[in-house]
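Chemist: Protein chains in written order, with this note's numbering: chain A, 252 to 435; chain B, 130 to 898. Glycine included, each C-beta is placed from N, C-alpha and C at the ideal position.
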């Protein structure tokens, strides 16, 4: 059996309609939430997880030391690299590719990176017509700046020798022990 | 068996074991650094702290080192006790005070014992804010990279290097918290087992310098059980590959063969498969082509030659490849042999038949238990792991007697060592036999050396006779076997064979086929010659004959994975997969058949030898069966052993015992001139010869002569000489070396090949002014 509408409902019917019209009218003059993208671009937070870059240290050298931790942690296996070593001791990635068609921008690589080299940036505009164009190589990934972490230089803290920094010259090192002497 | 408790879990132990050993055997992981099953306990690292509950309730529980505390019945051990945990935590914290911030660039990362122990027991953060102690590094040669800052002073390196491998150029220096492990001066480590430092170091002080050039983390490496192809011992290895290239080779424990270690040739010889001269595409008359047309061309040539086809298998080709080639040749009614040199064939067949007859060839673990040995030749180069096992026997008190014609590093541990010219070894062994069986001939002037060796062997509980086939004649091998028989049933007999599958190749060969094939080729009776994985042109004794006979061959078809001299001269070159790229079976010196499996595939298509021969036979419409059933025909009941298992003794009919008719070639001329002897070094092996890291360590090509003979011929160190035989000559300079026998010129293999002579052949010398 259908329930009969109560008299109070009937009495509010007319004012309710007016109120809706008023609300709509009022909204016509408020500030718009919708942004006419791409003519207007919304500012993204600095910690937005977008396009991945490889940064450089304060001396302008590559920060990446090709430790393979990013490729190990990547849940979709989209990072591939091969390490190389300069004669003077510095490690670097000979090749470094990220397949952005696979990448899920989870940011694990950034968390895993011990040298703060790999960083996610607030940029998501990476549309391409071809699938293969989404596979970025090192040239496309490596930027000229330090990214979000200015000032950090892994090799100034590591124990290995590189050009311009011999053993014992790192920030927290004492001068090397003279192995040929038995004096205390 | 008695038991004790670890955290309430019952653990059984053998008498004499300590708590750590018993726990590790029961798969209870007590953290440790300096303990190693091969090196024993030291108590240097203090990490294996455990708490022992007293039986007496009014005494306090005490913390002890599990590696130093003997296991006792009813002991109550606690690994999780707070006091023990705190000790371990403090040990790690102290070790990490000076440990550098290197993990991202350290090759050990991911398989680092220190990383694991720190995660397991240590604090997550370094509290100490002071500076770190640092050490300069040393250049330890092309095989090992040194990064001394990472050291945690567990002493495993020197204990392995000095105590186990008996090297003397790596040690501990300085004192206190500044103990330094290195050489006295920069330079390559001299011990042939130095590469094991990479695996034995619990952190990244010693890392693989070859792997470093194309580094990949352990989790990215593709691995599968494999067998080392660099000598006849058949050590088990674990190659690691990534992106279609082979990156490194590690030891894989086999309880009876290599347990924890492999030699440097096994570890670094793998670079042959990445060498830039390696053939990767088939070549017909010097033009690169594809497999289809190369195989079609090969099949056409074989069809045209029909029974005028010859086939050479190889001692480094697997059982499958050899048996397929033999079957193809049987179908064609051509001649098959697995050897390049008639004398080497005779020697290998004799050695295998004698080992089968005596049936007492020890594996490496048993070798460590012998108490006396007679060794002829240089084991260090021809079978390095047998050398390492004998070094352990020497440590256990075994007396080693050595007869050698040229340099043999094992002599430094020999109680009796005598330099004997290659042709006199047989006489020496015969005299020894007479001395032992107490029938010395009256006119025999028995030297003191022989008396001493005879006495040593007679007093032994379990004497071992070890010979090297490559530097012996069939007669020497028979003499050594007779000597072993004199001590039956206690005596053990080992012959080091000339390749990883020489035993298998010998079982598939018939005596005399090599000389028949060589003569047939020289007479022009062979139109097409198929060479699978072999290099007859670089054979010391018969190489020159093969090179001349090459002119009589219409088509030379070579199947190989390295650019040998024969492969370079081939009309049709068909590249095959290298060992880690295919599966197959090797039979080692004991007759143990061991399987190896495909680790990875290169980007190029590279089939195995057996696949290629089966494809050729399909093109010939011969329809050979597959290698497995061919092997079943040759060895009844043979089942290819599964890779990763200990392997099976191959059950084959014993080779016939022959005494004299094996000597195919004419006896040595009886002149009293110089004799040539082979002097080799660790990388002197066909595959390892393509490993740049090893060849960098090759000694200079000189003629080694002993001081007395040199003085008689008025030669000085550095004198230029011309060595010649009837046809060829080479110029070189002399080096004086007391390890060389009288009237003997010890020269490297390359020089023997150029002269076209073998170990023991006559040689003339002329001094150049």
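Considering only C-alpha positions, which residue in the set B:411, B:872, B:813 is nearest to residue 840 (chain B)?
Modeler: Of the candidates B:411, B:872, B:813, the one whose C-alpha sits nearest the C-alpha of residue 840 (chain B) is B:872.
Chemist: Quick one: using the 10 Å Cβ neighbour count with 16 as the cut-off for buried, is residue 254 (chain B) buried or exposed?
Modeler: It is exposed - the Cβ of residue 254 (chain B) has fewer than 16 other Cβ atoms within 10 Å.
Chemist: Taking beta-carbon pairs under 9 Å, can you tell me which members of the region 259-279 of chain B lie near chain A?
Modeler: So the list reads 259, 260, 261, 262, 263, 264, 265, 266, 267, 276, 277, 278, 279, given in the order they occur along the chain.
Chemist: Is it the case that the Cβ atoms of residue 399 (chain B) and residue 336 (chain B) are separated by a distance below 7 Å?
Modeler: Not a contact, by the Cβ cut-off of 7 Å.
Chemist: With respect to the alpha helix (DSSP H) encompassing residue 887 (chain B), which residues constitute its N-terminal and C-terminal limits?
Modeler: Counting along the chain, residue 887 (chain B) falls outside any alpha helix (DSSP H), and DSSP gives it neither H nor E.
Chemist: Determine the closest residue to residue 649 (chain B) out of B:622, B:625, B:677, with distance taken between C-alpha atoms.
Modeler: Ranking the options by Cα distance to residue 649 (chain B), first place goes to B:677.
Chemist: From the DSSP output, which residues share a beta bridge with residue 873 (chain B)?
Modeler: B:804.
Chemist: Can you give me the start and stop residues for the beta strand (DSSP E) that residue 342 (chain A) sits inside?
Modeler: Residue 342 (chain A) -> beta strand (DSSP E) spans 342-350.
Chemist: What residue does the alpha helix (DSSP H) around residue 919 (chain B) start on, and which one ends it?
Modeler: Here chain B has residues from 130 to 898 only, and residue 919 (chain B) is not among them.
Chemist: Taking C-beta to C-beta, are residue 230 (chain B) and residue 409 (chain A) nearer than 7 Å?
Modeler: A contact, by the Cβ cut-off of 7 Å.
Chemist: Mind checking whether residue 346 (chain A) and residue 386 (chain A) have CB atoms under 7 Å apart?
Modeler: The answer is no: Cβ separation not under 7 Å.
Chemist: Taking only the alpha-carbon atoms, compute the straight-line gap between residue 393 (chain A) and residue 312 (chain A) and give it to the nearest angstrom.
Modeler: The straight-line gap from Cα to Cα measures roughly 11 Å.
Chemist: Do you know whose CA, among A:352, A:358, A:397, A:374, lies nearest residue 381 (chain A)'s CA?
Modeler: Looking at the Cα atoms, A:352 is the closest of the given residues.
Chemist: Name the chain A residues that come within less than 7 Å of residue 302 (chain B), Cβ to Cβ?
Modeler: Here the neighbours are 430.
Chemist: Would residue 703 (chain B) and residue 688 (chain B) qualify as a contact pair, given that the criterion is a beta-carbon distance under 7 Å?
Modeler: Contact: yes.
Chemist: Which one or two residues does DSSP pair with residue 440 (chain B) in a beta bridge?
Modeler: Beta-bridge pairing links residue 440 (chain B) to B:465, B:659.
Chemist: First and last residue of the beta strand (DSSP E) that includes residue 747 (chain B)?
Modeler: First-last for residue 747 (chain B): 738-748, but that is the alpha helix (DSSP H), not the beta strand (DSSP E).
Chemist: Please list, in chain order, all residues of the same chain as residue 192 (chain B) whose beta carbon is under 6 Å from its beta carbon, the five residues on each side excluded.
Modeler: The residues are 178, 180, 212, 213, 216.
Chemist: Could you name the residues of the region 340-370 of chain A whose beta carbon sits closer than 8 Å to any beta carbon of chain B, in the order they occur along the chain?
Modeler: Within the region 340-370 of chain A, the residues whose Cβ lies closer than 8 Å to some Cβ of chain B are 342, 365, 366, listed in chain order.
Chemist: Mapping the DSSP letters down to three states, classify residue 563 (chain B) as helix, strand or coil.
Modeler: Helix at residue 563 (chain B).
Chemist: Taking just the CA atoms, how far does residue 668 (chain B) sit from residue 556 (chain B)?
Modeler: Those two C-alpha atoms are separated by around 26 Å.
Chemist: Against chain A, which members of the region 304-326 of chain B pass a CB distance test of less than 8 Å?
Modeler: The residues in question are 304, 305, 307, 309, 311.
Chemist: Give, in chain order, every residue of the region 407-421 of chain A whose Cβ lies closer than 7 Å to some Cβ of chain B.
Modeler: Cβ contacts with chain B: 408, 409, 410, 411, 418, 419.
Chemist: If you run the structure through DSSP and keep just helix, strand and coil, what is residue 725 (chain B)?
Modeler: Residue 725 (chain B) falls in the strand class under three-state DSSP.
Chemist: Spatial neighbours of residue 396 (chain A) within its chain, please: CB distance less than 8 Å, with the 5 preceding and 5 following residues excluded, ordered by chain position.
Modeler: Counting only Cβ-Cβ distances below 8 Å, and skipping sequence neighbours, we find 306, 307.
Chemist: Starting from the beta carbon of residue 433 (chain A), find every residue of chain B whose beta carbon is closer than 7 Å, and list them in chain order.
Modeler: Ordered by position in chain B, the residues that pass the 7 Å Cβ test against residue 433 (chain A) are 303, 304.
Chemist: Do we get a CB-CB distance below 7 Å when we pair residue 425 (chain A) with the residues of chain B?
Modeler: Yes, because at least one Cβ of chain B sits closer than 7 Å to the Cβ of residue 425 (chain A).
Chemist: Beta-carbon within less than 6 Å of residue 350 (chain A)'s beta-carbon, same chain only, minus the 5 sequence neighbours each way: which residues are those?
Modeler: Only 329, 386 meet the Cβ criterion.
Chemist: In three-state terms, what does DSSP make of residue 794 (chain B)?
Modeler: Caution applies to residue 794 (chain B), whose pLDDT of 46 falls short of 50 and renders its modelled position unreliable; the model cannot decide the point.
Chemist: Any C-beta of chain B sitting closer than 7 Å to the C-beta of residue 403 (chain A)?
Modeler: Chain B, which has no Cβ nearer than 7 Å to the Cβ of residue 403 (chain A), makes this no.
Chemist: Are the region 435-448 of chain B and the region 632-639 of chain B touching by the rule of at least three beta carbon pairs closer than 8 Å?
Modeler: Taking 8 Å as the limit for Cβ pairs, the verdict is that the region 632-639 of chain B does touch the region 435-448 of chain B.
Chemist: Of all the CB atoms in chain A, is at least one closer than 7 Å to the CB of residue 231 (chain B)?
Modeler: Taking Cβ atoms only, chain A reaches closer than 7 Å to residue 231 (chain B), which makes this a yes.
Chemist: Please work out which residues of its chain come closer than 7 Å, Cβ to Cβ, to residue 795 (chain B), disregarding the five sequence neighbours upstream and downstream, and give them in chain order.
Modeler: Confidence at residue 795 (chain B) is low in this model, with a pLDDT of 48, below 50, so the placement of that residue should be treated as unreliable; the coordinate-derived value is given next. Taken in chain order, the list of residues that qualify is empty.
Chemist: Would residue 808 (chain B) and residue 826 (chain B) qualify as a contact pair, given that the criterion is a beta-carbon distance under 7 Å?
Modeler: No.
Chemist: Short of 7 Å in beta carbon distance, which residues of its chain neighbour residue 790 (chain B), apart from the five on each side in sequence? Order them along the chain.
Modeler: Low confidence applies to residue 790 (chain B): its pLDDT is 49, below 50, so where it sits in the model is not reliable, and the reading given next is rough at best. Once the five neighbours on either side are set aside, residue 790 (chain B) has no close Cβ partner at all.
Chemist: With 7 Å set as the bound, which would you pick, yes or no: does the beta-carbon of residue 191 (chain B) sit closer than that to a beta-carbon of chain A?
Modeler: Residue 191 (chain B) does not count as touching chain A.
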